[in-house]
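So in my numbering, spot 7 of the sequence shown is number 36, and the numbers just go up one at a time. These notes are about the structure you will find just below.
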Amino acid sequence: MTLRKIAAFVAAASTLIAGGVQAGEPVDKAVADKLRATMEVQSTGLRIESVSTSELPGMYEVQFANGPLVYATAKGDYFVVGDLFTVGPQGYVNLAEKRRDSLRLERLAEVSPDDMIIFAPEGEARAHITVFTDVTCFYCQKLHKEVPELNKRGVEVRYLAYPRAGIGSPGFRQLASAWCADDPQDTLTKLKNREAVPDNVCTGNPIAAEYALGQELGVRGTPAIITQTGQMIPGYQSADELMVTLGLK
Numbered sequence: 030m031t032l033r034k035i036a037a038f039v040a041a042a043s044t045l046i047a048g049g050v051q052a053g054e055p056v057d058k059a060v061a062d063k064l065r066a067t068m069e070v071q072s073t074g075l076r077i078e079s080v081s082t083s084e085l086p087g088m089y090e091v092q093f094a095n096g097p098l099v100y101a102t103a104k105g106d107y108f109v110v111g112d113l114f115t116v117g118p119q120g121y122v123n124l125a126e127k128r129r130d131s132l133r134l135e136r137l138a139e140v141s142p143d144d145m146i147i148f149a150p151e152g153e154a155r156a157h158i159t160v161f162t163d164v165t166c167f168y169c170q171k172l173h174k175e176v177p178e179l180n181k182r183g184v185e186v187r188y189l190a191y192p193r194a195g196i197g198s199p200g201f202r203q204l205a206s207a208w209c210a211d212d213p214q215d216t217l218t219k220l221k222n223r224e225a226v227p228d229n230v231c232t233g234n235p236i237a238a239e240y241a242l243g244q245e246l247g248v249r250g251t252p253a254i255i256t257q258t259g260q261m262i263p264g265y266q267s268a269d270e271l272m273v274t275l276g277l278k
């Protein structure tokens with residue numbers, strides 16, 4: 030698609046939004062049932078998790094469970110896979126990504142702080158970030174060295190586990206050993222400093238659940254940083270860069 034066509038598309042989307050279309054609202058059960066009847070094709074194994082209004086009249090946001098967000102016609106006989114953009118004073122705005130921001134916040138709110146390893150500033154926190162991490166990842170190790178500076182500047186760092194090599198891998202066991210330790214902060218720091226730590230994989234640890242959550246939220250590598258607005262930053266940022274991202278001086 031040419032840049033001219035993209036510009037025309039986003040301009041049209043902007044006009045529709047300016048007209049007062051309310052997005053993200055639940056739809057009538059009859060509408061959702063009709064879309065399920067058409068779109069839940071048995072051979073695909075996909076199941077619809079939710080249906081809501083979209084910015085485009087006559088189109089609905091359809092979220093598949095453990096699958097993509099698509100934009101479907103009222104009958105469900107046509108749908109578009111991809112992000113919906115609008116254009117505003119600051120340029121292009123990815124509306125689908127903003128919807129994912131909200132989903133991330135909803136899902137992260139369901140995680141107990143007891144299942145996180147949290148590095149908090151001494152005083153009142155100005156902001157927080159949630160980081161899906163793996164101790165075997167170089168940039169995770171590098172980001173961890175920035176944590177004292179982030180804390181100093183009032184940013185709380187909340188870690189969730191994401192073993193890149195999967196469940197049962199050495200990285201999984203190391204993460205579990207940190208989460209199961211008497212002093213999780215110290216153990217995680219030792220592991221990220223490449224110090225040897227005995228295996229301590231306790232029953233009931235949250236590593237597998239957090240790994241699944243990361244996959245659900247679109248984590249594809251580590252570190253994956255999620256801000257308190259739900260924005261995902263895929264990769265490393267220094268403390269200085271994060272302060273800019275968070276809008277803090």
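Ideal placement from N, C-alpha and C gives every residue a C-beta, glycine not left out. As the structure is a prediction and not an experimental result, all values here were calculated from the model.
Is the CB-CB distance between residue i and residue j below 8 Å?
i, j, result
"Val186", "Ala156", "no"
"Ala194", "Gly200", "yes"
"Ser79", "Tyr89", "no"
"Phe161", "Gly243", "yes"
"Ala237", "Ile196", "yes"
"Ala52", "Ser83", "yes"
"Lys219", "Val230", "no"
"Ala101", "Leu64", "yes"
"Met272", "Arg133", "no"
Nearest by alpha-carbon distance to residue i: which of the options is it?
i, options, result
"Gln260", "Glu84, Leu124, Lys104, Met68", "Leu124"
"Tyr107", "Leu189, Asp215, Met68", "Met68"
"Leu217", "Ile255, Thr159, Met272, His173", "His173"
"Pro142", "Lys181, Gln92, Ala190", "Ala190"
"Pro263", "Asn95, Phe114, Thr159, Arg76", "Thr159"
"Cys169", "Gly250, Thr258, Asp269", "Gly250"
"Tyr265", "Lys63, Val176, Arg182", "Val176"
"Pro235", "Val140, Met272, Lys219, Gly152", "Val140"
"Tyr188", "Ala94, Asp211, Ile254, Arg133", "Ile254"
"Ile146", "Ala210, Ser131, Arg182", "Ala210"
"Gly111", "Gln119, Pro118, Gln92", "Gln92"
"Leu98", "Thr258, Ile77, Pro150", "Ile77"
"Ser198", "Tyr240, Pro55, Arg223", "Tyr240"
In the DSSP assignment, the beta strand (DSSP E) including residue i goes from what residue to what residue?
i, result
"Arg187", "184-190"
"Gly117", "114-117"
"Gln257", "From DSSP, Gln257 is part of no beta strand (DSSP E); its letter is neither H nor E."
"Ala154", "Segment: none, Ala154 is in no beta strand (DSSP E) and carries neither H nor E."
"Asn180", "Run containing Asn180: none in the beta strand (DSSP E); it sits in the alpha helix (DSSP H), 176-181."
"Thr102", "98-102"
"Ile196", "No beta strand (DSSP E) holds Ile196; DSSP gives it neither H nor E."
Which whole-angstrom value describes the C-beta separation of residue i and residue j, a residue pair presumed to lie in contact below a C-beta threshold of 8 Å?
i, j, result
"Arg129", "Gly247", "7 Å"
"Thr279", "Leu275", "A question about residue 279 goes unanswered here, because the residues of the chain that appear run from 30 up to 278."
"Lys221", "Val164", "5 Å"
"Gly96", "Leu113", "Contact flag wrong, Cβ pair sits at about 17 Å."
"Leu204", "Pro192", "6 Å"
"Val109", "Thr115", "Contact doesn't hold; Cβ gap of about 15 Å is too wide."
Identify the continuous alpha helix (DSSP H) that holds residue i and give its terminal residues.
i, result
"Met272", "268-274"
"Ile236", "236-245"
"Cys169", "167-173"
"Thr232", "Segment: none, Thr232 is in no alpha helix (DSSP H) and carries neither H nor E."
Taking DSSP's pairing of strands, which residues face residue i in a bridge?
i, result
"Ile77", "Phe93"
"Asn123", "Phe114"
"Thr82", "Tyr89"
"Thr159", "Arg187, Ile255"
"Pro55", "Ser81"
"Phe201", "Its beta-bridge partners do not exist; DSSP assigns none."
"Val109", "Tyr100"
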